[in-house]
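Data block below; observations after.
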Amino acid sequence: MTVVHLEHVTFAYGEQPAVRDVSLTVEDGDFLGLIGPNGSGKTTLLHLMLGLHSPDSGSIELFGQPVAAFDEGERIGYVSQQATSGGGSMPVTVREAVTMGRFARAGHGRLTDEDRAIVDDALETVGIDELAGRQVNQLSGGQRQRAYIARALASEADLLALDEPTVGVDAESRDAFYQLLESLNESGITIILIEHDIGVVTNRANRIACINTELYHHGDTESFVESDALTEAYGATGQVVHHHH
Ligand code: ADP
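For the sequence shown, the residue numbers in my numbering are 5 to 249.
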């Protein structure tokens, strides 16, 4: 099954395209690393994939439907940059936030014992069951990401999309976080990850999309590592390429 399919997608905020003529496919079970220098269009491309922007030209499908008509939001878990850094103002507990994800999937206003068990499992899987009674906006950045992921698990999301989820998270927690993503991917969840650390991406992702407005590489990680796409995409910018793990 195809999760995301883009054909010749172009999008500009003003005159200058942020994404130009991008075609790519994300298949069920993929772990796609989306990389590129700062300002290269990664967040814009992710927003296009999720229907948060409409393309100026080209077509986008999510789970086989035109993205503009897609109405199964519970199938997608999205951890935005704001989710990591900003403080959401809604005073809800972790358990309440995750329970909302379960409501989205259950599609009715009452939770069964099974629904409650699924919420408990989701909290446990991401390792925040002890924080269930805390307010979401009192969590650290790393804990908050886990809460967002637990919510996606409770809604039985098929796709997790994450935009630089470990900014401001210490190295040890980062590693644990990426291990969690890898094990979720192994359990069948498709992952799209924007990450500036190339080492993390090439270690964890099986597919790479390397963008600098245009796509420089789209394919498996091995062929990316052997290609010149990285230097070509980053070459013109003078930005430092992070290779450390
Ligand atoms: P990345 O995620 O790779 O850092 P972005 O997708 O955020 O890149 O941005 C791509 C380009 O579009 C950049 O030149 C950025 O300045 C511009 N841009 C991003 N968001 C907006 C916006 N809301 N309005 C105008 N320009 C924007």
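Where is the CB? At the ideal position from N, CA and C, for every residue including glycine.
Fair warning: this is a prediction, and the values are worked out from it, not measured in the lab.
Contact check, residue i vs residue j, beta carbons under 8 Å
i           : j           : result
residue 163 : residue 109 : no
residue 14  : residue 75  : no
residue 50  : residue 198 : yes
residue 123 : residue 96  : no
residue 213 : residue 28  : yes
residue 211 : residue 34  : yes
residue 143 : residue 156 : no
residue 46  : residue 40  : yes
residue 32  : residue 71  : no
residue 135 : residue 147 : yes
residue 23  : residue 52  : yes
residue 106 : residue 117 : no
residue 168 : residue 200 : yes
Residue i beta carbon near the ligand ADP (any heavy atom closer than 7 Å)
i           : result
residue 48  : yes
residue 165 : no
residue 55  : no
residue 42  : yes
residue 105 : no
residue 239 : no
residue 45  : yes
residue 151 : no
residue 17  : yes
residue 233 : no
residue 22  : yes
Identity of the residue in the options nearest residue i by Cα
i           : options           : result
residue 26  : 12, 35, 19, 16    : 12
residue 139 : 192, 99, 118, 113 : 99
residue 222 : 158, 205, 38      : 38
residue 188 : 128, 120, 42      : 128
residue 237 : 225, 227, 219     : 219
residue 171 : 190, 149, 52      : 149
residue 179 : 191, 204, 168     : 204
residue 141 : 86, 235, 5        : 86
residue 206 : 132, 224, 190     : 224
residue 186 : 36, 42, 202       : 36
residue 77  : 58, 48, 111       : 111
residue 81  : 233, 104, 113     : 104
residue 173 : 68, 191, 145, 190 : 145
Distance between beta carbons of residue j and residue i, contact taken as under 8 Å
i           : j           : result
residue 30  : residue 153 : Going by Cβ atoms, the distance from residue 30 to residue 153 rounds to 18 Å, so no, they are not a contact pair.
residue 216 : residue 44  : 4 Å
residue 158 : residue 126 : 4 Å
residue 184 : residue 130 : 6 Å
residue 10  : residue 64  : 5 Å
Residue i Cβ short of 7 Å to the ligand GDP heavy atom set
i          : result
residue 48 : Among the ligands in the structure shown, the ligand GDP does not appear; only the ligand ADP can be found there.
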